[in-house]
Amino acid sequence: MFELLNEMLSYTFIQRAMIVGSIVSLAAALLGVSLVLKRYSMIGDGLSHVGFGALAIAMALGWAPLAFTVPVVIIAALLLLRLSESSKIKGDAAIGMIATAALAIGVTVISLTRSANADVSGYLFGSILVISKDEVTLSLILGGAVLILFVLFYRRIFTVTFDEAFAKATGLNTGLYNTLIAVLTAVTIVLGMRLMGAMLISSLVIFPALTAMRLHKRFLSVTLTAAIVSLVSFLIGIILSYLFSTPAGASVVLVNAAFFLVFSLIARIRNRS
Amino acid sequence: MPLISVKDAAFAYDGQIVLSKVSFDVNPGDYLCVVGENGSGKSTLMKGLLGLVKPVKGSITLADGLNRDEIGYLPQQNLTQRDFPASVREVVESGIRSRSLFLTREDKERADAMMGLMEIGQLKHRSFMELSGGQRQRVLLARALCATKKLLLLDEPTAGLDPVVARDLYKTIQKINQENGIAIIMISHDVHTAAQYATHMLHLRQTPLFYGKPDEYLSTYHGQCFAGGVCCV
Ligand SMILES: Nc1ncnc2c1ncn2[C@@H]1O[C@H](COP(=O)(O)OP(=O)(O)OP(=O)(O)O)[C@@H](O)[C@H]1O
Ligand SMILES: [Mg+2]
Chain A
1 MFELLNEMLS YTFIQRAMIV GSIVSLAAAL LGVSLVLKRY SMIGDGLSHV
51 GFGALAIAMA LGWAPLAFTV PVVIIAALLL LRLSESSKIK GDAAIGMIAT
101 AALAIGVTVI SLTRSANADV SGYLFGSILV ISKDEVTLSL ILGGAVLILF
151 VLFYRRIFTV TFDEAFAKAT GLNTGLYNTL IAVLTAVTIV LGMRLMGAML
201 ISSLVIFPAL TAMRLHKRFL SVTLTAAIVS LVSFLIGIIL SYLFSTPAGA
251 SVVLVNAAFF LVFSLIARIR NRS
Chain B
1001 MPLISVKDAA FAYDGQIVLS KVSFDVNPGD YLCVVGENGS GKSTLMKGLL
1051 GLVKPVKGSI TLADGLNRDE IGYLPQQNLT QRDFPASVRE VVESGIRSRS
1101 LFLTREDKER ADAMMGLMEI GQLKHRSFME LSGGQRQRVL LARALCATKK
1151 LLLLDEPTAG LDPVVARDLY KTIQKINQEN GIAIIMISHD VHTAAQYATH
1201 MLHLRQTPLF YGKPDEYLST YHGQCFAGGV CCV
């Protein structure tokens, strides 16, 4: 086991993937608890599609991928948040519309600029080989930001997530906290997208929270469990992907799914006894 | 200077006016009871006072010395938090508005005291979603009390409570009102009991039909009708 890890870490690209992936998994799980409970988890899915479209455009035009994609996805996050908050428009339908349109733009741009269709799958399902130094730096900053904000504002995040009307009525700036969560989600998704793939990244937001909620009925334990499950799933997933030469993103998602099944099973057994 | 001053306020959803021509003041120590049939605009008015909906006309002014984080609020029962993983303690403590990021010992003692007042101390470590409807209501009341420093707004606080707890709750609210001088605004369908404790009554039906003292209210046509007396609507 130790030797295996040593061998894996001797590759620079795996080191990078490990750093970025661990941080993204942790951040996605923490943000995911809030997003899932507020029934905003579709936002994660929508954002990954927008990120895919933006990334394709940046690549086609030769722009720096992160410098272009991050702001575009942040703007999309704020827009989607507005849409989900307003009761007039059907929020989820609007997200679906924007997401598929962005996906279509991305696919079109890629097919116009590259000859081989194989490249598309790298974007859609992720690749472990493409992580740049910038992304490592950015994910260290992001990871730090998410963790610090979570610890510092943990109580307020709970209050806003549990009952937004009460939080607002009793003087919390709910708009600020929602915006913060949306922006951090956007950055997390963009960072995780290259590694996990646009199609799969949103599962990092959804799975850990739902898995944790199978067994836990307190917010603190749900949050901690989600974070641990997410991190462990990522590490197991990346090792499996190395051993069996399977795509990293898909392997991580499968491990997450396995955890979900195991937790569900334990909950079943516990309820029966 | 009144804590809250409402002047000719009107509220609308999607351009449709649901409540209009509302004017009243709430002074420190007041106990205002808002009554009216379902859909008459009571909850809307309360949300207006809390800044959750904006009046389309007129104004709602908070006193200079009154911050939003000194107001406690019990929302009307809703079902959205039913499957939310949270312990009773986590929910009650979320009512505490302190400047510091983490709870101090006094904050925790305050939360404990409010749970004691609502007689849910023994439920502290239970999960909120596993409680009965009435127990949940008491937890949310304790949360509202934690947030209360100058003003407490209650939207049908006794809905779902058994008669003994409901009676005790009215007594508790009266105590908070009289001993701590906290102003109360309460929505209730329990007109008789409410009129017993309130200093002011407001009867709404898309617009105020009555605003004044409780004993006057009970002798008016609407009051008699609403308190279960004989009347024709
Ligand atoms: N979010 C909303 N969107 C559109 N219309 C609304 C909304 N909330 C309330 N209304 C409408 O506003 C009117 C007043 O509603 P409100 O909730 O204030 O009534 P209420 O007096 O509190 O009734 P109840 O006794 O049933 O609680 C109703 O006609 C209702 O249909
Ligand atoms: Mg109501």
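Residue numbers (my numbering), protein chains in the order written: chain A, 1 to 273; chain B, 1001 to 1233.
By construction, the Cβ of each residue, glycine as well, lies at the ideal position given by its N, Cα and C atoms.
1) Residues in the segment 1104-1115 of chain B with C-beta within 9 Å of chain A's C-beta atoms, listed in sequence order?
2) Answer yes or no: the CB of Ser1040 of chain B versus the heavy atoms of ligand 1, is any distance below 7 Å?
3) Quick one: which chain B residues come within Cβ less than 8 Å of Val222 of chain A?
4) For the segment 1033-1052 of chain B, which residues have a beta carbon sitting closer than 8 Å to at least one beta carbon of chain A?
5) Taking the continuous beta strand (DSSP E) assigned at Phe2 of chain A, which residues delimit it?
6) Which term fits Tyr1013 of chain B, buried or exposed, when burial requires 16 or more other beta carbons within 10 angstroms of its beta carbon?
7) From the beta carbon of Tyr1031 of chain B, is the nearest beta carbon of chain A less than 8 Å away?
8) Closest Cβ-Cβ distance between Leu265 of chain A and chain B: below 8 Å?
9) Is any heavy atom in ligand 1 found nearer than 7 Å to the beta carbon of Asp1190 of chain B?
10) Compare the C-beta of Ala169 of chain A with all C-beta atoms of chain B and state if any pair is closer than 8 Å.
11) I need the straight-line Cα distance from Asp1190 of chain B to Leu1204 of chain B, nearest angstrom please.
12) Comparing the CB of Asp1030 of chain B with every heavy atom of ligand 1, is any distance shorter than 7 Å?
13) In this structure, what does DSSP give as the bridge partners for Val1034 of chain B?
14) Please report the residue range of the alpha helix (DSSP H) in which Ala1010 of chain B lies.
15) Taking the C-alpha atoms as reference points, what is the distance between Asp1155 of chain B and Leu265 of chain A?
16) Are the segment 201-212 of chain A and the segment 248-266 of chain A touching, with three or more C-beta to C-beta distances below 8 Å?
17) With DSSP collapsed to three states, give me the class of Val33 of chain A.
18) Under 7 Å: does the beta carbon of Gln1137 of chain B sit that close to some heavy atom of ligand 2?
19) In chain order, what residues of the same chain have a beta carbon less than 6 Å from the beta carbon of Val253 of chain A, not counting five sequence neighbours either side?
20) Shorter than 7 Å, the distance from the beta carbon of Thr1207 of chain B to the closest heavy atom of ligand 1, or not?
21) Of all the CB atoms in chain A, is at least one closer than 8 Å to the CB of Val1092 of chain B?
22) Going by beta-carbon coordinates alone, are Gly21 of chain A and Phe244 of chain A separated by less than 8 Å?
23) Ligand 1 heavy atoms versus the CB of Ser1043 of chain B: any closer than 7 Å?
24) Using only the heavy atoms of ligand 1, determine whether one of them is closer than 7 Å to the beta carbon of Asp1014 of chain B.
25) Mind checking which residues open and close the beta strand (DSSP E) that includes Leu81 of chain A?
26) How many angstroms separate the CA atom of Glu1037 of chain B from the CA atom of Ala54 of chain A?
27) Confirm the yes/no value for this check: CB of Gln1077 of chain B, any heavy atom of ligand 1, distance under 7 Å.
28) If we count the other Cβ atoms within 10 Å of its Cβ and call it buried at 16 or more, is Pro65 of chain A buried or exposed?
29) From Ala227 of chain A to Ser1023 of chain B, what does the alpha carbon distance come to, in whole angstroms?
30) Going by DSSP in three states, Leu1079 of chain B sits in which element: helix, strand or coil?
31) Examine the Cβ distances between the segment 1138-1147 of chain B and the segment 1117-1126 of chain B and report whether three or more of them are shorter than 8 Å.
32) Mind pulling the chain A residues with CB within less than 7 Å of Tyr1073 of chain B?
33) Can you tell me whether Ser1127 of chain B is helix, strand or coil according to DSSP?
34) Rounding to the nearest angstrom, what Cα-Cα distance links Gly249 of chain A and Asn173 of chain A in this structure?
35) Using only alpha-carbon positions, find the residue among A:Leu4, A:Thr246 and A:Glu3 that is nearest to Ser127 of chain A.
36) Return yes when the Cβ of Thr1158 of chain B is within less than 8 Å of the Cβ of Leu1169 of chain B, no when it is not.
Based on what the coordinates show:
1) Under the 9 Å Cβ criterion, the segment 1104-1115 of chain B contributes no residue.
2) Answer for Ser1040 of chain B: yes, Cβ within range of ligand 1.
3) The answer, in chain order, is Pro1085.
4) Those residues of the segment 1033-1052 of chain B placed with their C-beta closer than 8 Å to a C-beta in chain A are Lys1047, Leu1050, Gly1051 and Leu1052, ordered along the chain.
5) It is not in any beta strand (DSSP E) - Phe2 of chain A instead sits in the alpha helix (DSSP H) that spans Phe2 to Leu9.
6) It counts as exposed.
7) With its beta carbon at least 8 Å from every one in chain A, Tyr1031 of chain B lies outside the interface.
8) Closer than 8 Å: no.
9) No, Cβ of Asp1190 of chain B sits at least 7 Å from all heavy atoms of ligand 1.
10) Yes, Ala169 of chain A lies at the interface with chain B (some Cβ there is under 8 Å from its Cβ).
11) Cα to Cα, Asp1190 of chain B sits roughly 15 Å from Leu1204 of chain B.
12) Checking the Cβ of Asp1030 of chain B against ligand 1 gives no.
13) BP columns for Val1034 of chain B point to B:Ile1187 and B:Leu1202.
14) Counted as a single uninterrupted DSSP element, the stretch harbouring Ala1010 of chain B is not any alpha helix (DSSP H) but the beta strand (DSSP E) occupying residues Ile1004 to Tyr1013.
15) Their backbone Cα atoms lie some 41 Å apart in a straight line.
16) A contact is defined here as three or more CB-CB pairs under 8 Å, and the segment 201-212 of chain A meets this definition with respect to the segment 248-266 of chain A.
17) Three-state result, Val33 of chain A: helix.
18) Not under cutoff, so the answer is no.
19) Within the same chain, Leu200 and Ser203 come within 6 Å of Val253 of chain A by CB-CB distance, once the 5 residues on both sides are set aside.
20) No, the Cβ of Thr1207 of chain B stays beyond 7 Å of every heavy atom of ligand 1.
21) Using beta-carbon distances, Val1092 of chain B does not count as an interface residue toward chain A, since no partner is under 8 Å.
22) Result no, Cβ atoms of Gly21 of chain A and Phe244 of chain A do not sit closer than 8 Å.
23) For ligand 1, at least one heavy atom lies less than 7 Å from the Cβ of Ser1043 of chain B.
24) Result yes, Cβ under 7 Å from ligand 1.
25) Note, Leu81 of chain A: premise wrong, no beta strand (DSSP E); alpha helix (DSSP H) at Pro65 to Glu85.
26) Looking at the two C-alpha atoms, the distance is approximately 53 Å.
27) Remark: the shortest separation between the CB of Gln1077 of chain B and any heavy atom of ligand 1 does not fall under 7 Å.
28) Buried is the label assigned to Pro65 of chain A, since at least 16 other Cβ atoms lie within 10 Å of its Cβ.
29) For Ala227 of chain A and Ser1023 of chain B, the distance between alpha carbons rounds to 51 Å.
30) Reduced to three states, the DSSP call for Leu1079 of chain B is coil.
31) A contact is defined here as three or more CB-CB pairs under 8 Å, and the segment 1138-1147 of chain B meets this definition with respect to the segment 1117-1126 of chain B.
32) The answer, in chain order, is Phe166, Ala169 and Thr170.
33) If DSSP states are grouped into helix, strand and coil, Ser1127 of chain B belongs with the strands.
34) If you draw a straight line from the Cα of Gly249 of chain A to the Cα of Asn173 of chain A, it is about 36 Å long.
35) The option with the nearest alpha carbon to Ser127 of chain A is A:Thr246.
36) Yes. Within cutoff.
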